[in-house]
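Undergrad: Counting from 477, one number per residue, gives the positions in the sequence shown under the working numbering.
Before anything else, here's the structure in question.
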Amino acid sequence: MILPLFKNHKMEDQRVKVAQLLKKSKYSMAFTGAGISVESGIPPFRGELGLWNKYDPKVLDIDYFHSNGKRAWFFIREIFYEFFGKAQPNNAHRVLARLEHSGLLQAVVTQNIDNLHQLAGSKHVFEFHGNSNRLVCTECGRLSDISDINLEDIPPHCPVDGSILKPDFIFFGEGIPPLAYEKSFEAARDCEVCLIIGSTGEVTPAAYVPNTAKRNGAVIIEINPEESLFTHSITDIHLRGKAGEELRIIENLLFE
Ligand code: APR
Numbered sequence: 477m478i479l480p481l482f483k484n485h486k487m488e489d490q491r492v493k494v495a496q497l498l499k500k501s502k503y504s505m506a507f508t509g510a511g512i513s514v515e516s517g518i519p520p521f522r523g524e525l526g527l528w529n530k531y532d533p534k535v536l537d538i539d540y541f542h543s544n545g546k547r548a549w550f551f552i553r554e555i556f557y558e559f560f561g562k563a564q565p566n567n568a569h570r571v572l573a574r575l576e577h578s579g580l581l582q583a584v585v586t587q588n589i590d591n592l593h594q595l596a597g598s599k600h601v602f603e604f605h606g607n608s609n610r611l612v613c614t615e616c617g618r619l620s621d622i623s624d625i626n627l628e629d630i631p632p633h634c635p636v637d638g639s640i641l642k643p644d645f646i647f648f649g650e651g652i653p654p655l656a657y658e659k660s661f662e663a664a665r666d667c668e669v670c671l672i673i674g675s676t677g678e679v680t681p682a683a684y685v686p687n688t689a690k691r692n693g694a695v696i697i698e699i700n701p702e703e704s705l706f707t708h709s710i711t712d713i714h715l716r717g718k719a720g721e722e723l724r725i726i727e728n729l730l731f732e
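Spelled out as structure tokens, the structure:
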């Protein structure tokens, strides 16, 4: 296998180091943000092409949702179902699933709600912000799969008690799902290596997960074409590139 021509030797050394760290580590985790799904065609929330430049984040405010269900659902349907709904996993999701399958990655903590890690084959995925594939009844709490609900008629209603259904991901003003919270920080405490892929680190408490890993002695490896709030605070190795490209090179170094 001929390694691709590296732009510079420093990057080559860093990627070789990342592959060695993953091979040696007894427990590695990945912490992913919207950036890992950009190469699947899903825009990030922040940055020049960010969704929050086009939509008002208030459409995801829980109080706004309860008082303007129909209007909120109009935007939610446009952003998360008409647009996101057709996205497929990209190379980055696929490599993380292969690392897990090969015993080189033990958990994925994701801020994303797009279900792409699971579609790529990752099994140990902790969804810090929930998942858009499920809808939850605002009264009885029953879960419905999005494939069973017709979004032509919004807001959708619970098939059991007729109350409004809400996507099963957290809105601004809602708490983190308790089990995902517990498992995410457990992984952060146990890991020797934490890959941070495609996150600004601007949203808490999610951003406390990699910070907890750092405090517990993990090596922090960041994959992001830009700098983030992690870069100059906890990151040990910053692979400054796109997730799909960087992870393909890491995959080649580990398996080819
Ligand atoms: N590969 C890796 N990283 C990328 C790529 C790429 N191809 N493209 C963009 N990025 C990086 C950007 O540089 C940025 O740092 O992904 C990050 C995307 O930032 P955000 O959109 O803020 O995503 P994230 O940090 O996950 O946001 C956290 O904010 O609105 C809430 O709930 C929402 O989960 C989301 C949370």
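Glycine residues also receive a C-beta, built at the ideal position from the N, C-alpha and C atoms.
If distances are taken between C-alpha atoms only, which option among 669, 539, 649, 510 comes closest to residue 527?
TA: Nearest C-alpha to residue 527: 510.
Undergrad: Spatial neighbours of residue 720 within its chain, please: CB distance less than 6 Å, with the 5 preceding and 5 following residues excluded, ordered by chain position.
TA: 515, 566, 567, 568
Undergrad: Suppose the cutoff is 7 Å on Cβ atoms and the five residues either side in sequence are ignored; what does the same chain contact list for residue 539 look like?
TA: 649
Undergrad: What ranges does the beta strand (DSSP E) occupy inside the segment 566-652, keeping only unbroken runs of at least 3 residues that lie completely in it?
TA: Within the segment 566-652, the complete beta strand (DSSP E) runs of at least 3 residues are 583-586, 601-603, 606-613, 619-621, 641-645.
Undergrad: Could you check how far apart the C-beta atoms of residue 670 and residue 560 are, in whole angstroms? I think they sit under 8 Å.
TA: At roughly 26 Å, the Cβ-Cβ gap does not stay under 8 Å, so residue 670 and residue 560 are not in contact.
Undergrad: What residues are listed by DSSP as bridge partners for residue 710?
TA: Residue 710 is bridged by DSSP to nothing; it lacks a bridge partner.
Undergrad: Which word fits residue 580, buried or exposed, when buried means at least 16 other C-beta atoms lie within 10 angstroms of its C-beta?
TA: With 16 or more Cβ atoms within 10 Å of its Cβ, residue 580 is classed as buried.
Undergrad: So which of 604, 504, 658, 490 has the shortest CA-CA distance to residue 578?
TA: 504
Undergrad: Can you tell me whether residue 522 sits near the ligand APR, meaning its C-beta is under 7 Å from at least one heavy atom of the ligand?
TA: yes
Undergrad: By the three-class DSSP mapping on this structure, what secondary structure does residue 482 have?
TA: Residue confidence is low: residue 482 scores 47 on pLDDT, short of 50, so the model does not pin down where it sits. Its coordinate-derived value is still stated next. Three-state DSSP puts residue 482 in coil, outside helix and strand.
Undergrad: DSSP three-state call for residue 508: helix, strand or coil?
TA: Here residue 508 sits in strand by DSSP.
Undergrad: Alpha carbon to alpha carbon, what distance is there between residue 678 and residue 557?
TA: Each residue's CA atom was taken as its position, placing residue 557 and residue 678 some 25 Å apart.
Undergrad: Runs of 4 residues minimum, wholly inside the segment 502-551: which ones carry the alpha helix (DSSP H) assignment?
TA: 538-543
Undergrad: Would you mind sorting residue 674 into buried or exposed? The rule is 16 or more other CB atoms within 10 Å of its CB.
TA: buried
Undergrad: Quick one: residues in its chain with C-beta nearer than 8 Å to the C-beta of residue 595, no 5 flanking neighbours on either side, listed in chain order?
TA: 564, 565, 569
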